[in-house]
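J.: When the letters of the sequence shown are read in order and numbered with this note's numbering, they come out as residues 18 to 325.
Quick reminder that beta carbons are idealized off the backbone N, C-alpha and C, glycines included.
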Amino acid sequence: MLHLRLISPAARTDEATAVLEDCPGVTNIVVLPGVAREPRGDVILCDAAREAANEVIGRLQWLESEGSIAAEQVDLALSKAADDAIEEAPGEPDDAVIWEELAQRVHADSRITWAYLAFLAIATQLAGIGVVQNSIILIVGAMVLGPEFGAVAAICFGLLRRRWALIATALRTLVVGFTVAIAITFACALVSYWLGWIELTSLDTNEEVQFIVKPDRWSFIVALLAGAAGVLSITAGKSSALIGVFISVTTVPAAGYAAVALALAHWDEVAPSISQLAVNIFGMIVAGTATLLVQRKFWPQVGRRSSV
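1. Decide if the segment 139–156 is in contact with the segment 84–98; the criterion is three or more beta carbon pairs, one per stretch, under 8 Å apart.
2. Does DSSP put Thr44 in a helix, a strand or coil?
3. Contact check, Leu294 vs Thr268 under 8 Å by CB: the rounded distance?
4. Should the segment 161–172 be called in touch with the segment 203–215, which here means at least 3 C-beta pairs below 8 Å?
5. Using 9 Å as the threshold, is the C-beta distance between Ala66 and Pro110 below it?
6. Cα separation between Ala185 and Asp285?
7. So, at 6 Å on beta carbons, what are the nonlocal neighbours of Val47 in its own chain, with the 5 sequence-adjacent residues on each side left out?
8. Can you find the residues in the same chain that come closer than 6 Å, C-beta to C-beta, to His20, ignoring five residues on each side of it along the sequence?
9. Please identify the residue among Val123, Glu225, Phe195 whose C-alpha is closest to the C-alpha of Ala135.
10. Do Asp126 and Gly175 have their C-beta atoms within less than 9 Å of each other?
11. State the Cα-Cα distance for the pair Ile199 and Thr308, rounded to the nearest angstrom.
12. With H, G and I counted as helix, E and B as strand and the rest as coil, what does DSSP make of Arg178?
13. Are the CB atoms of Ala102 and Met18 nearer to each other than 9 Å?
14. With which residues is Val60 paired in a DSSP beta bridge?
15. Got a sec, what are the start and stop residues for the alpha helix (DSSP H) Ile215 sits in?
16. So Ile229 packs on Ala271, CB below 8 Å; how close in whole Å?
17. In three-state terms, what does DSSP make of Arg234?
18. On the DSSP letters alone, give me the boundaries of the alpha helix (DSSP H) that Gln121 sits inside.
19. If contacts are defined as beta-carbon pairs under 8 Å, then Pro41 and Ala87 qualify, I think. What distance do you get, rounded to the angstrom?
20. List the DSSP bridge partners of Ala65.
21. Would you kindly report the start and end of the unbroken beta strand (DSSP E) that includes Glu89?
22. Can you list, in chain order, the residues of its chain whose CB lies under 8 Å from that of Phe315, leaving out five sequence neighbours each side?
23. Tell me where the alpha helix (DSSP H) around Ile74 begins and ends.
24. Thinking C-alpha only, which one of Gly244, Val208, Ala276, Lys255 is nearest Leu220?
25. Per DSSP, which residues does Arg54 bridge with? Please list them.
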C-alpha cells in the first residue's frame, strides 16, 4: 500500500478527485481545500494499492507541472477499506512495477557521487587484499560492499525506455568508478610491495581465488541470473535479495585482481580479470533489460487475469 499526497490547483481539484474515485485500488481519499501554500492549491491525500499506482500517477501526470505528486510506502494499514482496495486492484503487490519510482531511483543511482566512488574503491581494495591473502571471506565481503549494480540497473532502464542520456551517464559512472577504484588499489598494492608486505610471487599461491581470472560460460550464465534477480529485487522492493546478487557476480573481485596483477607485474592475469569484469557487467545488462521488458509487456495481462 502506498500513501499519496497530491497538491492540485483549486480549479482542478474535482477533476483529480474524480480520477482517484474512478481508479480501482484507491481508498481513504481526503481533500484539504486551500491548505497548500507552495505551490498554492488544495491538498489531496489517499492510499493506493501498489498495483494501482501506475494508473493513478499516469492519469494525474499533469500535476507534475501544475502541482505535485508524492508517494511513500505504508508499512501498516489497519482498515477494511484498505484491504478491499488491495483486493480490488489487479494483480499482486510484489509483481507491480511503479515505473515513475523506478525512473527516479535509477536516475539517482546513475550519477557519480563521492559515496559511490568511496564504496567502490574500498570494496576493490578489500578484493585486492583477498586476492593476495587467498581469502574467500574477504572476496565475498568486497562483493557485498560494491555499489555498481545501481548503474547497471540504470543502463537496463535506459535501454528499455531508449533514454540514451541516462545510458551514457550510467556507463560513465561504471567506467570512471572502476577506473578510480583500480587506480587506488594499484597504488596501495604498489606501496605494499615497496614496504615488503607483499611479493611478486604473492599471486602464485592463490588457488582459492583463481576463478576470478578464468571467465567462462558459467560466468556469463551467473551474470544473467544475477541481473534478472537484481532487477526483480529492485522493482518488487525486496532489497534483501540484492545481497545475493552482489555475492553472485565477480565484478569487484575482478577489478581488485586486475589492480594487484598490474602492481606485481603479472601481465598475463590482467586481461582475464578485465574480461571477467566485462562479462559480468554485460550479462547483468542483458538479463536486467530483458527482465524489465517482460515486466512491461506482461504486467497488464497479469493484472487482467488476476482481476477476473
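T.: On the basis of the data shown:
1. no
2. strand
3. 6 Å
4. no
5. yes
6. 31 Å
7. Leu62
8. Asp64, Glu89, Val91
9. Phe195
10. no
11. 30 Å
12. helix
13. yes
14. Ile24, Leu49
15. That residue, Ile215, is in no alpha helix (DSSP H); it is neither H nor E in DSSP.
16. 6 Å
17. helix
18. 116–126
19. Not quite, the Cβ-Cβ distance comes to about 21 Å (not below 8 Å), so this is no contact.
20. Leu19, Val43
21. 85–90
22. none
23. 70–76
24. Ala276
25. Arg57
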